[in-house]
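Student:
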Amino acid sequence: MGLIYRRCSRVIVYLGADLILSSNDSFPPRHRLHELEGGSTYLQLPNGHPLQHTRFNLRELLKRSYFSRVWVIQELILSPRAIIRVGGLDFYADPLLPTDLAAAVPGWQWNSTAAPWVQYTAQRAFPATDIFEVIRLTSTSRASDPRDKVFGVLGLIQDETQRRALQPNYSLSTQHVFIGLLAHCIINQKAIHVFLYAAGLSAPAASPSWVVDWTSYESWQRISAIPESNVLERAADFIVENIPTDGHGLYYLPPKSPPQVPRSESDSEGYTSNWFAKASQRWPWDLNSVVDVDTGQLSLYMTRLCAISSQPILLGKLGTLSIFEVRGSSTSLYLAAREPLEAICRPECDHLFILNSGDSGLICLVLRELDLPRAYKIVAPCQHLFIQSGIGQWFAGQKLLPLKIDSLYAQVELVRSRLDGNRHRHLRALCSFFPGAENGWDVFPAFRGILNEQNGLSPGFDVSYLSCINERFRPRIVDGFLELKLGSLYFGLFYRPYHYTNGNWEQWEDIKWGYYSSADIDIPNMKGSGVYFENPWEWRRKNDWASMSSEPPKWGSIVSGLHLRAPIETVREIVTFWLTPVARIQHALKGSFDELEALLRQGPKDEHHFLGCPCIFDFGFDGSTYQVHIM
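In the working numbering, the protein residues as written are 582 to 1212.
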């Protein structure tokens, strides 16, 4: 059919007897179509004509039922010229129509008309690179047979190979036509943006959730809408302006990880690798992607981010999108979606998955777990995902920061270097809680207690912690306090008589004394940055306890040793903080303490390059990539 229109000289459009006046002229006056809107031409209509007292312009013309039919689209676009009789005048449209109209009517918007596709009249081609884009541009057109929404525009595809691959076949059901079409777009054309129009829970009966709802006019309207611009920035601005941030960063997942840079002690997060890109290269989303011909199940690789742990809260509207918050204990997720997530999500049953196509961007899907292994249905697509967490502070002038998820391999190597490293560099003030510790391995057993308590096992932290301290320091826990007894020799060079430096005699204070007596204790994590804790240490002064920071003992009073104590809960908090990177590895590994220790002692394997090690614990943040099956 398309070949017929391409070879004709013109198309004559008949819009109905109510719009055409009989004329004795063999050649009625002829005008360019844009003049109907520009005001340079007015219809001369007889008395009593229904349109006599109306301002009949191009916008009204395009509301005629003729332009709503899907089969007329290729008639006007593929032919070299179209003639339209209106009243007693002939109006013609040729390839200059958009240019002429833009000059005559500044601000004219084709997309606000009933038939935006008319702007391509006589262009002989459609400005679309794939079949889904053709359907998007023509989606508001009507057809008595839904299959014609596809078959009626196949002739508009510019690529001849695609035209041959997609042939009308009325022996197929409507469901099979749309499943096949969208499978072609996703698998063959890599058009992952198609997921943004997935029907989800509104899918027609027996139809997969990843397919467009072809029965809904609202669904077609959504497809036809022009994608909004700068949504990422505008959504971030909305969140920042409406939600208290407390100075915490607002993060997003970039499709391509930031360039890999050398680690440094100034890198407070230590998250510098390009794990997301590596995982996508190892398991491309379309690796072995396939649609089951019997069930319509779509199989592809995605990265699981986390579970939706609480009911989403609607914060407000941003154009056609709604902004939702999912709250955790110390982290919030913000989702930009069209669907009413506050009504349709099921906490703990629904999960956030990411499809990463690299340069084409990310697609975030809320998936509901089904009974079959790794089988899900789409609840809703999300156009953007943001994370607000206390893992870092904003940089000056930046509202939005990329969330950098390191590989498990890189994190294991980093932690190993800290565990093996010199105590003065990597333990520092932590030595006050682990007297005698030479390296991080001397502290490591305390993590068993932390992990056991999380899992309701024993021994807990108190027992595991005490096992890390040499008996010569007489460690014990009494009434909620850790008690230690340190001999004067432990402080080593405290107050050597005098030390000559730069021409001056100065007293030389050993740094270990400062660990116990300073006002604040700077506890480093394994990544090099530190957090200040108020000094919890007290010393035994005859029959009472005195603060080490505000009332430190004099040297003469501790010749026989120093009896110290600190709240065990504070000790637990400090040790837990220092071991946070270890906890991240254990969380990503999902193994036992013994398996964790074996990995840290033996080193990572190549496979760990492709496993994520998230820096956020809320929501059970994951980072594993595997093939999912979407029903």
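Cβ coordinates follow ideal geometry from the N, Cα and C atoms, glycine included.
What number of angstroms, rounded off, separates the C-alpha of GLY897 from the C-alpha of PHE967?
Tutor: The sequence position of residue 897 within the sequence shown is 316, counting from 1. The sequence position of residue 967 within the sequence shown is 386, counting from 1. About 15 Å.
Student: Which residues does DSSP list as the beta-bridge partners of TRP1120?
Tutor: Along the sequence shown, one-based indexing puts residue 1120 at 539. Paired residue(s): ALA1127, LEU1145.
Student: If you check the beta carbons only, do THR1206 and TYR778 fall under 8 Å apart?
Tutor: In the sequence shown, counting from the first residue as 1, residue 1206 sits at position 625. In the sequence shown, counting from the first residue as 1, residue 778 sits at position 197. Contact flag unset, no.
Student: Compute the Euclidean distance between the alpha carbons of ALA598 and LEU657, then round it to the nearest angstrom.
Tutor: Here residue 598 refers to the residue found at position 17 when the sequence shown is read from its first residue. Here residue 657 refers to the residue found at position 76 when the sequence shown is read from its first residue. Rounded to the nearest angstrom, the two C-alpha atoms are 20 Å apart.
Student: Any chance you could list the beta strand (DSSP E) runs of at least 3 consecutive residues sitting entirely within the stretch 666-750, in chain order?
Tutor: Counting only runs of 3 or more, we get 670-674.
Student: Is ASP931 helix, strand or coil by DSSP?
Tutor: Position 350 of the sequence shown, counted from the start, is the residue given in the question as residue 931. Looking at ASP931 - three-state DSSP - the assignment turns out to be strand.
Student: Below 8 Å on the Cβ atoms is my guess for ILE925 versus LEU813; work out the distance and round it to an integer in Å.
Tutor: Working through the sequence shown from its first residue, we reach residue 925 at position 344. Working through the sequence shown from its first residue, we reach residue 813 at position 232. ILE925 to LEU813, Cβ: 24 Å. No contact.
Student: On the DSSP bridge assignment, give the partners of THR912 in chain order.
Tutor: As a working note, residue 912 is residue 331 in the sequence shown. Note: THR912 sits in a beta bridge opposite SER970.
Student: Which one of LYS958, GLU929, GLY583, CYS963 has the shortest CA to CA distance from ILE545?
Tutor: In the structure as shown, the chain starts at 582 and stops at 1212, and residue 545 therefore has no counterpart that could be examined.
Student: What span of residues does the alpha helix (DSSP H) with ILE820 cover, start to end?
Tutor: Start at 1 with the first residue of the sequence shown, and residue 820 comes out as number 239. Unbroken alpha helix (DSSP H) run through ILE820: 812-823.
Student: In three-state terms, what does DSSP make of VAL1156?
Tutor: Translated into positions along the sequence shown, residue 1156 becomes position 575. Of the three classes helix, strand and coil, the one that applies to VAL1156 here is helix, per DSSP.
Student: How should ILE992 be labelled, buried or exposed, when 16 other C-beta atoms within 10 angstroms of its C-beta is the threshold for buried?
Tutor: The residue labelled residue 992 in the question sits at position 411 within the sequence shown. Inspection of the sequence shows that residue 992 is occupied by Gln rather than by Ile. Buried is the call here.
Student: Can you tell me where the alpha helix (DSSP H) holding HIS1168 begins and where it ends?
Tutor: By 1-based counting over the sequence shown, the position of residue 1168 is 587. Element bounds for HIS1168: 1161-1170.
Student: Determine, using beta carbons only, whether ALA888 and SER903 come nearer to each other than 8 Å.
Tutor: Within the sequence shown, the letter at position 307 stands for residue 888. Within the sequence shown, the letter at position 322 stands for residue 903. The answer is no: Cβ separation not under 8 Å.
Student: Where does PHE1200 land, buried or exposed, given buried means 16+ other C-beta within 10 angstroms?
Tutor: As a first step, residue 1200 is located in the sequence shown; it is residue number 619 there, counting from the start. Counting Cβ neighbours within 10 Å, PHE1200 comes out buried, since at least 16 surround it.
Student: What's the C-alpha gap between ILE653 and SER754?
Tutor: Translated into positions along the sequence shown, residue 653 becomes position 72. Translated into positions along the sequence shown, residue 754 becomes position 173. Checking the sequence shown, residue 653 turns out to be Val, not Ile. Approximately 23 Å between the Cα atoms of the pair.
Student: Please classify VAL699 as buried or exposed, where buried requires at least 16 other C-beta atoms within 10 Å of its C-beta.
Tutor: On the sequence shown, position 118 is the one that residue 699 refers to. VAL699 is buried by the Cβ-count criterion.
Student: Checking the sheet assignment: what are the DSSP bridge partners for ALA779?
Tutor: In the sequence shown, counting from the first residue as 1, residue 779 sits at position 198. Beta-bridge pairing links ALA779 to no other residue.
Student: Under the DSSP definition of a beta bridge, which residues are partnered with MET883?
Tutor: Indexing the sequence shown from 1 puts residue 883 at position 302. The partner list for MET883 (beta bridge, DSSP) reads TYR1207.
Student: Out of PRO687, ILE664, GLY668, which has the shortest C-alpha to C-alpha gap to PRO676?
Tutor: Indexing the sequence shown from 1 puts residue 676 at position 95. Per the Cα distances, ILE664.
Student: For LEU584, which three-state DSSP category applies?
Tutor: Translated into positions along the sequence shown, residue 584 becomes position 3. Helix.
Student: Tell me which residue opens and which closes the alpha helix (DSSP H) that ARG1182 is part of.
Tutor: Indexing the sequence shown from 1 puts residue 1182 at position 601. Run containing ARG1182: 1174-1183, per the alpha helix (DSSP H) assignment.
Student: How about PHE1114 and ASP1101: are their beta carbons less than 8 Å apart?
Tutor: The residue labelled residue 1114 in the question sits at position 533 within the sequence shown. The residue labelled residue 1101 in the question sits at position 520 within the sequence shown. Closer than 8 Å, so yes.
Student: Assign ILE585 to buried or exposed, taking buried as 16 or more other Cβ atoms, counted over all protein chains shown, within 10 Å of its Cβ.
Tutor: Translated into the one-based positions of the sequence shown, residue 585 becomes position 4. The residue is exposed, with fewer than 16 neighbouring Cβ atoms inside 10 Å.
Student: When you compare each of LEU899, PRO1148, ILE1139, ASN1051 to ILE1058 by their alpha carbons, which one comes out closest?
Tutor: Working through the sequence shown from its first residue, we reach residue 1058 at position 477. For the residues LEU899, PRO1148, ILE1139, ASN1051, the minimum Cα distance to ILE1058 belongs to PRO1148.
Student: Would you call the CB atoms of PRO954 and MET1212 closer than 8 Å?
Tutor: Here residue 954 is taken as the residue at index 373 of the sequence shown, counted from 1. Here residue 1212 is taken as the residue at index 631 of the sequence shown, counted from 1. Going by C-beta atoms, PRO954 is not nearer than 8 Å to MET1212.
Student: Suppose you measure from the CA of ARG1153 to the CA of ARG1029; what does that come to, to the nearest Å?
Tutor: For the purposes of this step, residue 1153 is identified with residue 572 of the sequence shown, where counting begins at 1. For the purposes of this step, residue 1029 is identified with residue 448 of the sequence shown, where counting begins at 1. Taking the straight line from one Cα to the other gives about 12 Å.
Student: Is it buried or exposed for CYS766, if we count other Cβ within 10 angstroms and need 16 for buried?
Tutor: The residue given as residue 766 occupies position 185 in the sequence shown. By the 10 Å Cβ count, CYS766 comes out buried.
Student: So, helix, strand or coil for SER1069, using DSSP?
Tutor: Along the sequence shown, read from residue 1 onward, the residue named residue 1069 stands at position 488. Helix, per DSSP.
Student: Pick from LEU1160, LEU1047, ILE601, TYR1096: whose alpha carbon is nearest that of PRO1133?
Tutor: Locating residue 1133 in the sequence shown gives position 552, where the first residue counts as 1. When each option's Cα is compared against that of PRO1133, the closest is TYR1096.
Student: Closest to ARG803 by C-alpha separation, out of TYR673, PHE1042, ILE716, would be which residue?
Tutor: As a working mapping, residue 803 is identified with position 222 in the sequence shown. Closest option to ARG803, Cα to Cα, is ILE716.
Student: Between which two residues does the alpha helix (DSSP H) harbouring GLU1132 extend?
Tutor: Here residue 1132 corresponds to residue number 551 of the sequence shown, with the count starting at 1. Note, GLU1132: premise wrong, no alpha helix (DSSP H); not H, not E.
Student: Would the beta-carbon of GLY1193 fall within 8 Å of that of TRP856?
Tutor: Numbered from 1 along the sequence shown, position 612 holds the residue referred to as residue 1193. Numbered from 1 along the sequence shown, position 275 holds the residue referred to as residue 856. Going by C-beta atoms, GLY1193 is nearer than 8 Å to TRP856.
Student: Could you tell me whether the Cβ of ILE820 comes closer than 8 Å to any Cβ of chain D?
Tutor: Looking for chain D here will not work: only one protein chain is present.
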